[in-house]
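Taking it in order: structure first as C-alpha cells, then the write-up.
Following this line, the structure appears as C-alpha cells:
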C-alpha cells in the first residue's frame, strides 16, 4: 500500500475512532507510528487529538522489545527543538500519552519533558503530558521548578492555568486562591471536545 493510500485509511479510521482496526492490520509498527506522528501537524484539532490517542493505544500494544517506540519518542523530542526546522506543537501531548501507556519508558524519557515547562510554545502541552502520566499512575519526574508552576498558575491562558492547577492537585501541592480556570480539552471518553473546569 502506498503512503498516500495508507494516510487516507488511517485518517478515516481515526475519524471513526477505530484504533482496533489500525492495530489489527499487521502494519509495521514503525510505519504506523510515523504516520500518526505526521498527523500531529495537521490543522484539524480533532484529528490531532485522535492521533495522540492512537499513539497511546499503539504503544500499549507493542512488546517491550520493539525499538520503534523509543525511536518515535526521540523523534518527538527532536521536533520540540528549534534546530529541527519542523516544530510539532502537539509533541508533548503525544509523548505524555505514550508514556502513560508505557511507564517502563518513563525513567528514560519523562525527565526530558520537564525543561519544556518554560519553553514556548510547549508549556501547556507539557503540563498536560505530566498530568496525563501522573493520573495514569506514573511517578512525577524530578526537577519541576516551583517558579514554572507559579508562572503557569497566574498565566492569562486558561488552559495553561487550568492544567497547572490540575498538576498541583494531582501532586498534592498547595493551590493559590483564584477563580476557576475554564478551558476546552479533548475528552477521551466521548472522543470529542468538552469544557473543563479546574477550581
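In this note's numbering, the protein residues as written are 3 to 201.
The beta carbon of each residue, even a glycine, is placed where N, CA and C say it ideally should be.
Here the structure is a predicted model, which is why all the values come from computation and not from measurement.
Through-space distance from residue j to residue i, alpha-carbon basis
i, j, result
"residue 71", "residue 35", "8 angstroms"
"residue 7", "residue 37", "11 angstroms"
"residue 45", "residue 92", "11 angstroms"
"residue 176", "residue 9", "45 angstroms"
"residue 4", "residue 88", "24 angstroms"
"residue 2", "residue 75", "With the chain represented from 3 up to 201, any question about residue 2 goes unanswered, as that position is not in the structure."
"residue 119", "residue 149", "10 angstroms"
Exposure label - residue i; buried when at least 16 CB within 10 Å
i, result
"residue 130", "buried"
"residue 158", "exposed"
"residue 173", "exposed"
"residue 80", "exposed"
"residue 124", "buried"
"residue 180", "exposed"
"residue 169", "buried"
"residue 171", "exposed"
"residue 47", "exposed"
"residue 195", "exposed"
Residue i - partner residues in DSSP beta bridges
i, result
"residue 200", "183"
"residue 174", "Answer by DSSP bridge pairing: none, since residue 174 is not bridged."
"residue 212", "Coverage of the chain is limited to positions 3 through 201, which leaves residue 212 absent and any answer about it impossible."
Check: residue i C-beta below 6 angstroms from any heavy atom of the ligand NAP
i, result
"residue 20", "Because no ligand of any kind appears in the structure shown, any question about the ligand NAP cannot be addressed here."
Just checking, does the region 93 to 108 make contact with the region 50 to 63 on the three C-beta pairs under 8 angstroms criterion? yes
The region 8 to 20 / the region 154 to 169 touching (three or more Cβ pairs under 8 angstroms): no
For the region 162 to 177 and the region 118 to 138, state whether three or more C-beta atom pairs, one from each stretch, are separated by less than 8 angstroms. yes
As an exercise, report each continuous alpha helix (DSSP H) stretch of at least 4 residues that is fully enclosed by the region 118 to 174, in chain order. 125 to 137, 148 to 155, 160 to 173
Completely contained alpha helix (DSSP H) runs for the region 26 to 58, where each covers 4 or more residues: 31 to 41
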